[in-house]
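In what follows, a structure is listed as structure tokens, so that the remarks can point back to it.
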Amino acid sequence: MGSPEPLEKDSVERTPSQGTRDATEPRIGVFVCHCGSNIAGVVDCVKVRDAAEKLPGVVVARDNKYTCSDLGQEEILKAIKEGDVNRVVIASCSPRLHEPTFRACIQRAGLNPYVLHMVNIREQCSWVHAHEKENATQKAIDLVRMGVSKAARLEPLEAREVPVERAALVVGGGVTGIQSALDLANMGFKVYLVESKPSIGGVMAQLDKTFPTGDCAICILAPKMVELSRNPNIELLSYSEVEEVKGYIGNYDVKVRRKARFVHEDKCVGCGVCTDVCPVKVDNEFDMGFAKRKAIYVPFPQAVPLKYTVDKENCLHFKKGKCQLCVKACTNKAIDHKMEDEVLDFKVGTIIVATGSETYVPMRKGVYKYWEYENVISALELERLLNASGPTGGHLIRPSDKATPKRVAFIQCVGSRNKKIGNNYCSRVCCMYAIKNAQIIKEHEPDTEIAVYYNDIRAFGKGFEELYHRVREEYGVEFFRGRPAKLSEDSATKSITIRAEETLLNKITEREFDLVVLSTGLVPSEGSKRIGKILSITTSPDGFFMEAHPKLRPVDTAADGVFVAGCAQAPKDIPDSVAQAKAAASSAAALMLTGKVRIEPLTVAIDEDLCVGCGLCAELCPYGAPELYESEKGGTKARIIEALCHGCGTCAASCPQKALTAKQFTDEQINSEIVAALTPICGAQKPPQKKNAETEV
Amino acid sequence: MGEVEKTFISGLKEKLVEEKVIDESQLDRDFAKEITKYGGKDVMTCLQCGNCTGVCPISLKIDYKTRSIIKYCQFGLKSYTLGTRWVCATCYRCYEHCPADINPAEVMIALRHIAVREGVIPPFIKVAATNLVRYGQSVKPDEEINKIRNELGLEQVHSSEPSYKKVLREIGVLIHASKYDKLIGIEEEVKI
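Here's what the structure looks like:
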């Protein structure tokens, strides 16, 4: 190891003279975390510590098995006191994970929480370079050197507190949204529940029975829906869309478009006279097209609110300008074809996103011939056919001839666990709903032959494995390990032959079935994508919303004050969705109960003398933080509304005048990191690029 | 092995039954990596769903199961895969359907590369390779071939022509330079 080279030391000493920082010499403490074997298994942490010790400005360097543990934090406190440390560098995991932990830790030691810099040597080093231990160690040293260089230039910042509005917005009226809204309302908070469809209930309202217990879905959901509609704290905005959300944690301004129902909700009593006289019949989406509805309708009998809606696409009044039979029939004068969309503005402190998921729609030209063969149906269609209040009254038929199918096949993993279509994830519910539906079919028609073509059966929940056993033992459902390769239809009988390898037998088999059910997986809903954009919340590679931490912050998002629950976060069953709904409600309540929240001071500062008022920052900012105004000194200037600023730095990077500075990411700080990266000093091999450069010269 | 067993179990599986238990020494743990070296995708990601077997036109006709060959590869049972018959027509139907996005057809090609390098070469491949050296093509140009060419309105091929000899020599140089002759064991045939 060589001694620190003058260049590095020099650059550290030069900075105070620029006068932007307090005069005290930086005394940096470096803490290298082993993270058990997460980091230490690849990176030689002791070597990193030794290298850090020799860096300019470093007074203490320690390595720790678990820096985030109580013991590890104690060590930091001790080192700060003993070494009179005033800047801290922690080389461990991503700051997304433990930055708040360590900020709180150094604050306990009497330091400003923002004189901390975290160097990511786990996600961005040991995890990705598991097979190159030496290089990974060298990279960790380089990263720490960069971090130390930046830490020397960190400045203390002060966090601010803002009030939190004691009202919440819940987006999505499925079982998750309903539960969240009820929990918050029961705690005494005002709740706005926005649902895009005419009724709340979501996908759960469409299901027949629920696994593994066999409770009727609507029987357990409907009471909750009614309870919600009667709760005085909840404002139910059905048939509405969130249009715009502005603001920041605790203070969101929401704009909701109430789509015109063409029926006044306050006057409609849900008697249904209008629907009786309506001459238009169209497919009912709720019944997956197996039944008809009128152009003025409620999607299902238990709908909440039980208010009729005119389907503008199909109503004769809108198509041809005549009819009006419903208007004449309605005794309460509730129907008004001139009704227009209404925009509602309100303020909330927290937001819960429960926009759910949709079922995967098989491809048009796919192997399973969903669009070509009548007797290939999706699982949600089967749910409607089995449902007692469904189009067939719970009597299973096959679409081609309305006969009762005697041989039924289920094909698992349709639209899940498939790299070809980009859905690599397991949808978590398909195994169990197929098993549950197999049981229901057997209960209805005990002599039905049922085969489940599966790849792996995932019966992981409480009572799931028991149900899987029961359908095999008591009901004789066959399980067939293999993914069907080919489906062919008999043109006369419309029965379907499935060819598949029974992988456990090592034989290719062909079997004929009367009905084939595709166990379609779950995909992010269209509404989720729209709301994701409005709220600027991130998604995982699978398209579902990303939680702030996969284990410890499962319902938080990267946007403060916005929570996510249910299938919008990832595919899950009803119990898990309800659990998350309750978790999101309690997290939101915690914020609103305190009534105030700390705001990160990592914002952008503006130098008015340099600003020429070009307005580029205001144009680029995704949060609307910069504002142009007429300065007293004359001329247009920009100013930053700090509460709106997320500190993303877009404006600072683009300002042609360099009038904007992103705090903690100043040009000076970033430059110092670059200089450090390009100036290896601690026992580094001479980089090959340097040699090339010399020869080129 | 009894008569009944022989009737039901033959070929590859005969070996499995004889050995009864596969022990550690038979496994080549780096086999999956070796396959990727020869152009195959990572077989370890295979879910063993059997879709490839189901769509394989060869699997329907003879006892050849794409999925089980991939399983041998995953397991590292290299000796079992080297004897795999060269029946894959590389129609890529398995690739089209594979939910794990593996390309079994290319794994088969990789297995052939490995087999040839290990000296496991079926006789018909040796014949075709020797033909390449002798005639510049894998099929011997005889009267039968010339008759068909004539019917299709194509020129006759005569190996005695000087231009033909020149092409043959060029092919010979290429084959020798690429050590193809040594690989196939036909060095003495190649004359430069």
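Protein sequence lines correspond, in order, to chains Z and L. Take 15 as the starting number for the first sequence in the working numbering and just add one per residue. Take -5 as the starting number for the second sequence in the working numbering and just add one per residue. Where a beta carbon is used, it is the ideal one built from N, C-alpha and C, also for glycine.
Straight-line gap, residue i to residue j (C-alpha atoms, nearest Å)
i: Z/D36; j: Z/P109; result: Unreliable positioning characterises Z/D36 in this predicted model, as indicated by a pLDDT of 44, which lies under 50. A coordinate reading is not provided.
i: L/V151; j: L/R61; result: 43 Å
i: Z/F225; j: Z/Y482; result: 11 Å
i: Z/E9; j: Z/R412; result: Residue 9 of chain Z cannot be examined here, being either before or after the span of chain Z that is shown, 15 to 711.
i: Z/R431; j: Z/Q453; result: 25 Å
i: Z/I522; j: Z/Y468; result: 15 Å
i: Z/D461; j: Z/R484; result: 16 Å
i: Z/L207; j: Z/Y322; result: 19 Å
i: Z/G363; j: Z/I655; result: 18 Å
i: L/D187; j: Z/E503; result: Because chain L is modelled from -5 through 186, residue 187 of chain L falls outside the range shown and cannot be assessed.
i: L/S19; j: Z/L518; result: 25 Å
i: Z/L85; j: Z/R41; result: 23 Å
i: Z/G124; j: Z/P670; result: 39 Å
i: Z/H458; j: Z/C344; result: 41 Å
i: Z/A619; j: Z/S645; result: 17 Å
i: Z/K147; j: L/V101; result: 31 Å
7 Å CB neighbourhood of residue i in its chain, flanking five on each side removed
i: Z/E67; result: A75
i: L/Y32; result: A104, H107, I108
i: L/Y129; result: P135, S153
i: Z/D222; result: A231, E397, L400, N401, I454
i: Z/A573; result: L549, S550, I551
Residue i burial status per 10 Å Cβ neighbour count (16 or more: buried)
i: Z/C107; result: buried
i: Z/K610; result: exposed
i: Z/L130; result: buried
i: Z/F203; result: buried
i: Z/D355; result: exposed
i: Z/V283; result: exposed
i: L/I56; result: exposed
i: Z/R307; result: buried
i: Z/A691; result: exposed
i: Z/D470; result: exposed
i: Z/N149; result: exposed
Close-in-space but distant-in-sequence residues of the same chain around residue i (CB under 8 Å, 5 per side omitted)
i: Z/G43; result: V72, V73, V74, A75, R76, I90, A93, I94, G97, V99, R101, V102, V103
i: Z/G357; result: Position check: residue 357 of chain Z holds Val in this sequence, whereas Gly was assumed. Taken in chain order, the residues that qualify are E257, K269, V270, R271, R272.
i: L/N140; result: Q150, V151
i: Z/I435; result: M377, G429
i: L/V49; result: R87, C88, E90, H91
Beta-carbon spacing of residue i, residue j below 8 Å
i: Z/G188; j: Z/G580; result: yes
i: Z/L399; j: Z/T406; result: yes
i: Z/L339; j: Z/V291; result: yes
i: Z/L630; j: Z/S668; result: yes
i: Z/A231; j: Z/M239; result: no
i: Z/C139; j: Z/V57; result: yes
i: Z/L634; j: Z/C659; result: no
i: Z/L536; j: Z/V390; result: no
i: L/G70; j: L/F118; result: no
i: Z/K677; j: Z/L320; result: no
i: Z/A499; j: Z/A465; result: no
i: Z/A105; j: Z/V46; result: yes
i: Z/I365; j: Z/V185; result: yes
i: Z/E241; j: Z/L196; result: yes
i: Z/V277; j: Z/V324; result: yes
i: Z/P313; j: Z/Y253; result: no
i: L/G147; j: L/V114; result: no
i: Z/A582; j: Z/D570; result: no
i: L/I63; j: L/V127; result: no
Residue of the options minimising C-alpha distance to residue i
i: Z/R653; options: Z/L624, Z/F679, Z/Q678, Z/D681; result: Z/L624
i: Z/E279; options: Z/S550, Z/I349, Z/W385; result: Z/I349
i: Z/Y382; options: Z/L674, Z/V530, Z/K333; result: Z/V530
i: Z/C288; options: Z/Q193, Z/I310, Z/A632; result: Z/I310
i: Z/Y262; options: Z/A619, Z/A639, Z/G215, Z/T680; result: Z/A639
i: L/Q68; options: L/D36, L/S53, L/H91; result: L/D36
i: Z/L251; options: Z/C285, Z/E209, Z/T345; result: Z/E209
Cβ-based neighbour list, residue i, same chain, cut-off 6 Å, excluding 5 preceding and 5 following
i: Z/T190; result: A368, A579, G580, S591, A595
i: Z/R486; result: none
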